[in-house]
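S.K.: Here the working numbering is used: the first residue of the sequence shown is 739, the next is one more, and so on.
Just so you know, even glycine gets a beta-carbon here, dropped at the ideal spot from N, CA and C.
The structure under discussion is supplied below as structure tokens; questions concerning it will follow.
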Amino acid sequence: MKLDHTEYKQRNIKIWNEIAPRYHKRWAGVNQGPFQSTSKLVDLVNVKKDDSILDLACGTGAVTKKILNRIGNSGRVIGADASVTAINIAKKWNGKKSNLDFINIDAEKFNFNHKFDIITCQYALFFFPNAQKALKNIRNSLKKTGTLGISVHGHKDKVPFFSSILDAITKFIPDYVPPGTPNLDRFGTKKSLYDEIKNAGFSKISIKDFTFSYSPGNFEEYWKNYLKYIAKPIKEKVDALDKSQRSELKQAVKQNTIPYTKRNEVIVFPWQVLILTAKY
Ligand SMILES: C[S@@+](CC[C@H](N)C(=O)[O-])C[C@H]1O[C@@H](n2cnc3c(N)ncnc32)[C@H](O)[C@@H]1O
């Protein structure tokens, strides 16, 4: 059965509510691998004291925290996300501040009566099934002089951390990604990202690409941690494979990691990230 947009979003929010603590521990709470993008994004949008900033799909608050470090007690920052669990972690991690609020919203549905100088959105645009709707809401919430900053992962071929597993797994579990799930690397090339942002009416679009490196350890550690950190409904599908299928799958994944495996058996993946800035 194909998920419609509402069903997909409900499923996705449920997943984020479940994985947010693990996501925070492994990714957002540490500045390694793709999360080296966080300070680059904050640099590129040129955060200034007194700015009013919305961090959309803030998750557990990685970007929000960096923004706050820049503006201190001045200005105003709002972190907004569809996952209540993620917001609660972000609140705890960032502490109480008079110029900081977190709110629970759907990126495709919000509107503020206040306009922002800057809106950031890191690693989330591809989760919005109707990204145009979210981008129009963003533009409506920006001042005419305002700046948008968006980070996305590169195309799957440029992010072998994901593709080494996904390319193999979808052969064994065809519905691993349920039908109706938007393609999560659909904005992973400069052209596709540029076109999407241009379509929503933004100007002065600039996209920089970065290739960070990320080491998940040796293959056994990569595989074990992947299964430990993924969402429950996805893990259940892998667990449902019989022993021989599971071992075949593991071998297929291992094969995909060979180009990135060093002589000491440690895997070092390149990880492409695109960071876009644009004006209202
Ligand atoms: C990969 S996390 C990124 C979080 C954060 N920006 C960071 O850099 O760590 C994606 C986030 O998008 C949020 N999200 C997904 N769909 C959303 C929607 N429709 N509206 C608002 N947030 C959404 C999820 O709850 C999750 O926290």
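#1: Are the region 753-766 and the region 836-845 touching by the rule of at least three beta carbon pairs closer than 8 angstroms?
#2: Under the criterion of a Cβ to heavy atom distance below 7 angstroms, does TRP1009 qualify as lining ligand 1?
#3: CB ASP895 to CB ILE791, shorter than 8 angstroms?
#4: Cβ of TYR914 versus every heavy atom of ligand 1: is any distance shorter than 7 angstroms?
#5: Can THR802 and ASP789 be called in contact, C-beta distance under 8 angstroms?
#6: Less than 8 angstroms between the C-beta atoms of PHE957 and THR908, yes or no?
#7: Going by alpha carbons, who is nearest to GLN1010 out of ILE945, LYS966, GLY939 and VAL897?
#8: Tell me, which residues are paired with ASP819 by DSSP?
#9: Please determine whether the Cβ atom of GLY887 lies at a distance below 7 angstroms from any heavy atom of ligand 1.
#10: Might you give, ordered along the chain, the residues of its own chain that have their beta carbon closer than 8 angstroms to the beta carbon of GLN870, omitting 5 neighbours on each side?
#11: Could you name the residues that DSSP lists as bridge partners for HIS891?
#12: Measure from the alpha carbon of LYS992 to the alpha carbon of each residue in ASN921, LYS1017, LYS970 and ASP905, then state which is nearest.
#13: For THR883, is the classification buried or exposed, using 16 other Cβ atoms within 10 angstroms of its Cβ as the cut-off for buried?
#14: How many Å lie between LEU886 and ALA820 at the Cα?
#15: By a C-beta neighbour count over all protein chains shown, 10 Å radius and 16 as the cutoff for buried, is HIS852 buried or exposed?
#16: Are there any heavy atoms of ligand 1 lying less than 7 angstroms away from the beta-carbon of ALA766, as far as the coordinates show?
#17: For ASN755, which residues of its own chain have a beta-carbon under 8 angstroms away from its beta-carbon, when the five flanking residues on both sides are left out?
#18: Ligand 1 heavy atoms versus the CB of ASN807: any closer than 7 angstroms?
#19: Between the Cα of LYS829 and the Cα atoms of ASP947, GLY799 and TYR1018, which residue gives the shortest distance?
#20: With PRO954 as the anchor, note down where its alpha helix (DSSP H) starts and where it stops.
#21: Whose C-alpha, out of ASN807, SER775, SER812 and THR995, is nearest the C-alpha of CYS859?
#22: From the DSSP output, in three-state form, read off GLN860 for me.
#23: Quick check: is any heavy atom of ligand 1 less than 7 angstroms from the C-beta of TRP754?
#24: First and last residue of the beta strand (DSSP E) that includes SER790?
#25: What separation, rounded to the nearest whole angstrom, lies between the Cα atoms of ILE826 and ALA795?
#26: Restricting to Cα atoms, I'd like to know which of ILE903, LEU863, HIS893 and PHE850 is closest to SER879.
M.R.: Once the coordinates are examined:
#1: With the cut-off at 8 angstroms, the region 753-766 and the region 836-845 do not touch.
#2: No; taking the cut-off as 7 angstroms, the Cβ of TRP1009 has no heavy atom of ligand 1 nearer than that.
#3: No, they are not a contact pair.
#4: In this structure, TYR914 has its beta carbon at no less than 7 angstroms from each heavy atom of ligand 1.
#5: Pairing THR802 with ASP789 gives a Cβ-Cβ distance that is not under 8 angstroms.
#6: No; because the gap between Cβ atoms is not below 8 angstroms, this pair is not in contact.
#7: It is VAL897.
#8: The partner list for ASP819 (beta bridge, DSSP) reads ASN842.
#9: No, since every heavy atom of ligand 1 falls outside the 7 angstroms radius drawn around the Cβ of GLY887.
#10: These residues qualify, in order along the chain: GLU934, ASN937 and ALA938.
#11: Per DSSP, VAL1011.
#12: The option with the nearest alpha carbon to LYS992 is ASP905.
#13: By the 10 Å Cβ count, THR883 comes out exposed.
#14: The alpha-carbon separation between LEU886 and ALA820 amounts to approximately 20 angstroms.
#15: By the neighbour-count criterion, in which a residue is buried when 16 or more other Cβ atoms sit within 10 angstroms of its Cβ, HIS852 is exposed.
#16: Answer for ALA766: yes, Cβ within range of ligand 1.
#17: Answer for ASN755: SER821, VAL822, THR823 and ALA824, listed in chain order.
#18: No, Cβ of ASN807 sits at least 7 angstroms from all heavy atoms of ligand 1.
#19: The shortest Cα separation from LYS829 among ASP947, GLY799 and TYR1018 belongs to GLY799.
#20: It is not in any alpha helix (DSSP H) - PRO954 instead sits in the beta strand (DSSP E) that spans 941-956.
#21: When the alpha-carbon of CYS859 is set against those of ASN807, SER775, SER812 and THR995, the nearest one is in SER775.
#22: In this structure, GLN860 counts as strand in the three-state DSSP scheme.
#23: True, at least one ligand heavy atom lies under 7 angstroms from that Cβ.
#24: Where SER790 is concerned, the enclosing beta strand (DSSP E) stretches over 790-794.
#25: Looking at the sequence provided, one finds Asn at residue 826 rather than Ile. A direct Cα-to-Cα measurement between ASN826 and ALA795 gives close to 13 angstroms.
#26: For SER879, the nearest C-alpha among the options comes from PHE850.
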